[in-house]
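Q: Below is a structure I'd like to ask you about.
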Amino acid sequence: MTTWLNMSLQDGASPIMEQLVFFHDHVLMIMLMITTTVSYMMITLIRNKQTSRFMLEGQMIETTWTIAPAIILVFIAMPSLRLLYLMDEVHNPSLTLKAVGHQWYWSYEYSDFTKLEFDSYMIPQEEQQESTFRLLDTDNRIVLPMNSPIRMIVTAADVLHSWTIPSLGVKTDATPGRLNQTSFSISRPGILYGQCSEICGANHSFMPITIESVPAKYFINWISKMSE
Ligand SMILES: [Cu+2]
Numbered sequence: 026m027t028t029w030l031n032m033s034l035q036d037g038a039s040p041i042m043e044q045l046v047f048f049h050d051h052v053l054m055i056m057l058m059i060t061t062t063v064s065y066m067m068i069t070l071i072r073n074k075q076t077s078r079f080m081l082e083g084q085m086i087e088t089t090w091t092i093a094p095a096i097i098l099v100f101i102a103m104p105s106l107r108l109l110y111l112m113d114e115v116h117n118p119s120l121t122l123k124a125v126g127h128q129w130y131w132s133y134e135y136s137d138f139t140k141l142e143f144d145s146y147m148i149p150q151e152e153q154q155e156s157t158f159r160l161l162d163t164d165n166r167i168v169l170p171m172n173s174p175i176r177m178i179v180t181a182a183d184v185l186h187s188w189t190i191p192s193l194g195v196k197t198d199a200t201p202g203r204l205n206q207t208s209f210s211i212s213r214p215g216i217l218y219g220q221c222s223e224i225c226g227a228n229h230s231f232m233p234i235t236i237e238s239v240p241a242k243y244f245i246n247w248i249s250k251m252s253e
């Protein structure tokens with residue numbers, strides 16, 4: 026989850042998010058390169074009188090500063106497209122979880138099991154304990170096995186919502202009458218937090234998402250207890 030003064034991205038909890046963090050840093054380095062060059066050029070322009078009676082054109086420099094940005098853009102576009110298509114792919118999922126957005130809570134259905142569904146409300150401030158995170162913890166957490174490919178099906182019952190877990194690199198619009206699909210695999214045990222990312226009404230900020238990532242055997246125990 027995000028902590029105080031955490032201004033960059035959260036640590037990746039899935040292979041995709043790790044790649045996204047690398048890509049973010051890569052683009053940031055290119056931006057640093059460009060801003061350095063442009064500021065250097067602007068400062069020299071201000072500090073010097075750039076006049077010459079005989080120099081009317083510079084074919085070479087004009088060709089260079091037209092082609093160089095195009096090449097730089099390719100270096101951003103290629104890894105970006107690679108990630109885009111990687112995230113779109115659903116690789117043989119071992120579990121399907123359906124999230125339905127409501128005003129203002131999420132409800133979940135474990136579609137591979139019978140009658141395994143529950144609502145997930147934010148824990149109100151009055152009922153908080155020492156260990157709960159304000160505005161982020163829910164009364165019913167989603168329990169998911171780590172290291173297994175999971176398919177998410179996201180939809181909404183009333184208005185637009187968006188199911189988001191920053192540390193997994195997942196953000197999917199929840200649209201009434203439409204099923205959206207994403208997939209992820211969680212690479213470590215722990216609790217992952219997220220919030221609705223579509224302005225969906227008065228309590229938009231109060232419908233958080235909490236995932237409990239556990240080893241597969243704990244998940245099997247949980248699922249057998251839940252479906253009794
Ligand atoms: Cu919402």
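For the sequence shown, the residue numbers in this note's numbering are 26 to 253. Virtual Cβ for every residue (Gly too), placed ideally from N, Cα, C.
Quick check on DSSP: helix, strand or coil for T61?
A: Looking at T61 - three-state DSSP - the assignment turns out to be helix.
Q: I'd like to check one pair, G215 with P233: are the Cβ atoms closer than 8 Å?
A: Contact flag unset, no.
Q: Measure the C-alpha to C-alpha separation of A181 and S230 and round it to an integer number of angstroms.
A: The straight-line gap from Cα to Cα measures roughly 16 Å.
Q: Is the beta carbon of M232 within less than 7 Å of some heavy atom of ligand 1?
A: Correct: M232 has its Cβ closer than 7 Å to ligand 1.
Q: Are at least three pairs of beta-carbons, each pair with one atom in the region 88-95 and one in the region 105-121, less than 8 Å apart?
A: As far as the Cβ criterion goes, the region 88-95 does not touch the region 105-121, which means the pair count is below three.
Q: From the DSSP output, in three-state form, read off T200 for me.
A: It is coil, neither helix nor strand.
Q: In chain order, which beta strand (DSSP E) runs of at least 3 residues are fully inside the region 166-227?
A: 167-170, 175-181, 186-190, 195-199, 205-209 and 215-219, all fully within the region 166-227.
Q: Going by Cα to Cα distance, which pick from T200, L45, K140 and D137 is closest to V184?
A: Among T200, L45, K140 and D137, the Cα nearest to that of V184 is on T200.
Q: What is the rounded straight-line gap between the Cα of M58 and the Cα of I97?
A: Distance between the alpha carbons of M58 and I97 is about 10 Å.
Q: According to DSSP, is T163 part of a helix, a strand, or is it coil?
A: If DSSP states are grouped into helix, strand and coil, T163 belongs with the strands.
Q: Do S192 and G83 have their CB atoms nearer than 8 Å?
A: No, the Cβ-Cβ distance between S192 and G83 is not below 8 Å.
Q: When the Cα atoms are used, what is the spatial distance from Q128 to M54?
A: Those two C-alpha atoms are separated by around 41 Å.
Q: Going by CA-CA distance only, name the one from I211, D164 and M171 that's closest to T235.
A: With distances taken between Cα atoms, T235 lies closest to D164.
Q: Select from M171, T207 and E134 the residue whose C-alpha is nearest the C-alpha of S252.
A: Measuring from the Cα of S252, the nearest candidate turns out to be E134.
Q: Within a Cβ cutoff of 6 Å, which residues of the same chain sit near V125, ignoring the five residues on either side of it in sequence?
A: Counting only Cβ-Cβ distances below 6 Å, and skipping sequence neighbours, we find S132, T180 and A182.
Q: What residue range does the beta strand (DSSP E) around W131 cover?
A: Y130 to Y135 is the span of the beta strand (DSSP E), which, as asked, contains W131.
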